[in-house]
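Chemist: First the structure, which I've put down as structure tokens, then a few questions once you've had a look.
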Amino acid sequence: MMSKLKKENKILAKLNDVFDITGEIKSEKRVSIKADRKNVSSILLFLKKQKGYIHLNHISCVDWIEENEFELVYIVWNPKTKITVLVHTRIDRENPVMENIDTIWDQANTYEREFREMFGIEFPGLVGAKEFILEDWDNIPPMRKDFNSQQYAKDTFTTRPGRENAQNVREAIQKRSGEEIPDFAKKYSRD
Amino acid sequence: MSKTNNIGIPTVEEIKQAQIDFSPRCTSAGRVNDKETQKMVDYILNFARKHSLFVLAYGTGCGAIEIPATMTSRYDAERFGIRGAATPRQADILLITGYLSTKTLKRVIRVYEQMQDPKYVIAFGSCTINGGMYFDSYNTIKALDRYLPVDVYIAGCMPRPESVIRGFVKLQELIQKGNAGNGECYRENLEWYRENQQKVIKNWDFPENYNW
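Protein chains in written order, with this note's numbering: chain A, 564 to 754; chain B, 10 to 221.
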């Protein structure tokens with residue numbers, strides 16, 4: 564097993580040497596690390612310039628509303644070793660500011676403009692930091708979890724009558740076939 | 010209406026005097042024909058209209074992916090006289106293919122108002138009917154006929170090319186009966202439509218008056 568994950572171990576050890584991170588090997592060709600937000604841009608620059616992780620796959624944002632934090636995940640890929648590295652970092656939700664990395668990858672600019680609009684994260688020095696996809700938006704950023712999309716839609720748009728008695732699919736199946744709803748699923752119920 | 014000869018056909022002078030409006034829903038003020046002749050004229054006009062439906066090549070949402078399949082060799086919509094048009098002013102039909110975000114709605118209204126009469130709107134997919142799977146989305150409208158007059162709704166998510174063609178055939182039937190074409194209705198009830206549109210479109214920068 565260890566010999567199989569030789570390359571993954573190598574990059575993880577190297578990152579551990581240089582930076583203050585915690586990391587694990589998720590699976591073959593998939594390494595996940597957690598870092599402080601101040602180190603992220605230098606980790607990404609290190610991975611790109613020194614280790615050949617030249618491809619930025621994706622940047623995603625997760626809203627951890629209970630912990631009052633946003634999590635940003637930078638996914639980079641090395642075309643030679645075919646290894647993906649996921650760099651996780653947490654930022655404060657009340658005052659969300661993150662380093663701008665569009666000097667490392669130009670295409671990061673698009674992601675950052677989207678985060679700025681959808682989550683309200685500010686990136687100092689971001690080029691084109693203005694209205695991006697939404698037009699004339701005057702509410703809280705819509706991808707935040709405290710934004711109630713259903714209520715907003717109810718208040719803003721006229722809905723056609725007839726949807727009010729729409730059945731909850733899971734409950735309808737339960738009534739018909741006597742299947743039990745697991746506890747974790749109950750909190751996602753429509754009502 | 011001035012005097013016509015006994016078979017009901019207007020004289021050349023009468024035609025020249027009157028500005029004949031070909032709109033099927035317009036008031037009879039500009040018409041020079043008597044009832045029976047107008048019926049015949051309408052029949053011919055509607056027959057011609059229903060066999061030359063020019064669809065504006067403008068796709069919103071995911072439903073636009075069904076249009077190439079409808080237009081190309083397998084389903085071949087052109088045998089019904091349905092084909093694409095490049096600009097709003099050359100088009101008869103505005104197809105709303107799927108969900109409509111508020112940002113797109115603004116553009117669609119501008120496009121619809123630029124089209125020449127007679128103009129028809131076909132709404133496509135369940136999103137235009139009641140929001141579909143985007144019923145709780147913050148950015149898509151839920152009922153299209155609040156914002157634009159709709160002639161035919163095609164249900165389905167997505168409707169297959171057969172249903173699309175069925176919708177077009179239904180529109181052809183309506184056109185032949187003279188019941189389609191809501192441009193006049195839109196102009197008459199503009200206040201109601203504008204009120205609904207302005208509820209959704211916050212930064213309203215439309216021209217005050219159109220030269221219809």
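Cβ atoms here follow ideal geometry from the backbone N, Cα and C, with glycine treated the same way.
(1) Just tell me which of B/Tyr143, B/Arg175, B/Asn212 has its CA closest to the CA of B/Cys71.
(2) Are the beta-carbon atoms belonging to B/Ala78 and B/Pro168 less than 7 Å from one another?
(3) Can the beta-carbon of B/Gly93 be found closer than 7 Å to that of B/His60?
(4) State the start and end residues of the unbroken beta strand (DSSP E) segment that holds B/Ile118.
(5) Where does A/Asn602 fall in DSSP's three states?
(6) Alpha carbon to alpha carbon, what distance is there between A/Val648 and A/Gly615?
(7) Could you tell me which residues DSSP puts in a beta bridge with A/His618?
(8) Could you give the distance in angstroms between the alpha-carbon of A/Val581 and the alpha-carbon of A/Ile606?
(9) At the level of alpha carbons, what is the spacing between A/Glu629 and A/Ile588?
(10) What are the residues that DSSP puts in a beta bridge with A/Leu635?
(11) Answer yes or no: do A/Glu632 and A/Arg653 have a C-beta to C-beta separation smaller than 7 Å?
(12) Which residue wins for smallest C-alpha separation from A/Ser590, given the options A/Val603, A/Lys570, A/Asp599?
(13) Please list the partners that B/Thr111 has in chain A, where partner means a Cβ-to-Cβ separation under 8 Å.
(14) Between A/Arg723 and chain B, is the shortest Cβ-Cβ distance under 7 Å, so that the two count as touching?
(15) How many whole angstroms separate the CB atoms of A/Asn620 and A/Ile638, which I take to be in contact at a CB cut-off of 8 Å?
(16) Taking C-beta pairs closer than 9 Å, name the residues in chain B that A/Asp536 reaches, listed in chain order.
(17) Would you decide whether B/Met49 is buried or exposed? Buried here means 16 or more other CB atoms lie within 10 Å of its CB.
(18) Got a sec, what are the start and stop residues for the beta strand (DSSP E) B/Tyr162 sits in?
(19) Give the range of the alpha helix (DSSP H) segment to which B/Ile138 is assigned.
(20) What would DSSP say about B/Thr81, mapped onto helix, strand or coil?
(21) Could you name the residues that DSSP lists as bridge partners for B/Phe63?
(22) Taking the alpha-carbon positions, what's the B/Tyr162 to A/Asp699 distance?
(23) B/Trp201 CB to nearest chain A CB: under 7 Å?
(24) With a threshold of 7 Å on Cβ separation, who are the neighbours of B/Gln206 within its own chain once the five nearest residues in sequence on each side are excluded?
(25) With a 10 Å radius around its C-beta and 16 neighbouring C-beta atoms as the bar for buried, classify B/Met181 as buried or exposed.
Modeler: By the coordinates alone:
(1) Of the candidates B/Tyr143, B/Arg175, B/Asn212, the residue whose Cα lies closest to the Cα of B/Cys71 is B/Tyr143.
(2) No, Cβ-Cβ distance for B/Ala78 and B/Pro168 is not below 7 Å.
(3) No, the Cβ-Cβ distance between B/Gly93 and B/His60 is not below 7 Å.
(4) If you look at B/Ile118, you'll find it isn't in any beta strand (DSSP E); it sits in the alpha helix (DSSP H) that goes 111-123.
(5) Looking at A/Asn602 - three-state DSSP - the assignment turns out to be coil, as it is neither helix nor strand.
(6) The C-alpha of A/Val648 is placed about 11 Å away from the C-alpha of A/Gly615.
(7) Secondary-structure assignment with DSSP links A/His618 through a beta bridge to A/Trp640.
(8) Cα to Cα, A/Val581 sits roughly 9 Å from A/Ile606.
(9) Cα to Cα, the separation comes out at about 27 Å.
(10) As a beta-bridge residue in DSSP terms, A/Leu635 pairs with A/Cys624, A/Thr652.
(11) It is a contact, given that the beta carbons lie within the stated cut-off.
(12) If you compare the alpha carbons of A/Val603, A/Lys570, A/Asp599 with that of A/Ser590, the shortest gap goes to A/Lys570.
(13) What B/Thr111 touches in chain A: Glu698.
(14) Among the CB atoms of chain B, one or more fall inside 7 Å of the CB of A/Arg723.
(15) The Cβ separation is near 4 Å, so the contact holds.
(16) The first residue shown for chain A is 564 and the last is 754, placing residue 536 of chain A beyond what the model contains.
(17) Exposed: under 16 other Cβ atoms inside 10 Å.
(18) Unbroken beta strand (DSSP E) run through B/Tyr162: 161-163.
(19) Looking at the DSSP string, the run of the alpha helix (DSSP H) that includes B/Ile138 is 135-139.
(20) In the three-state reduction of the DSSP assignment, B/Thr81 falls in the coil class, being assigned neither a helical nor a strand state.
(21) Answer by DSSP bridge pairing, in chain order: B/Arg92.
(22) Their backbone Cα atoms lie some 29 Å apart in a straight line.
(23) No, its Cβ sits nowhere closer than 7 Å to a Cβ of chain A.
(24) Excluding positions up to five away in sequence, the list reads Ile118, Tyr156.
(25) The question names Met, but residue 181 of chain B is Gln in the sequence shown. Answer is buried; the Cβ neighbour count reaches 16.
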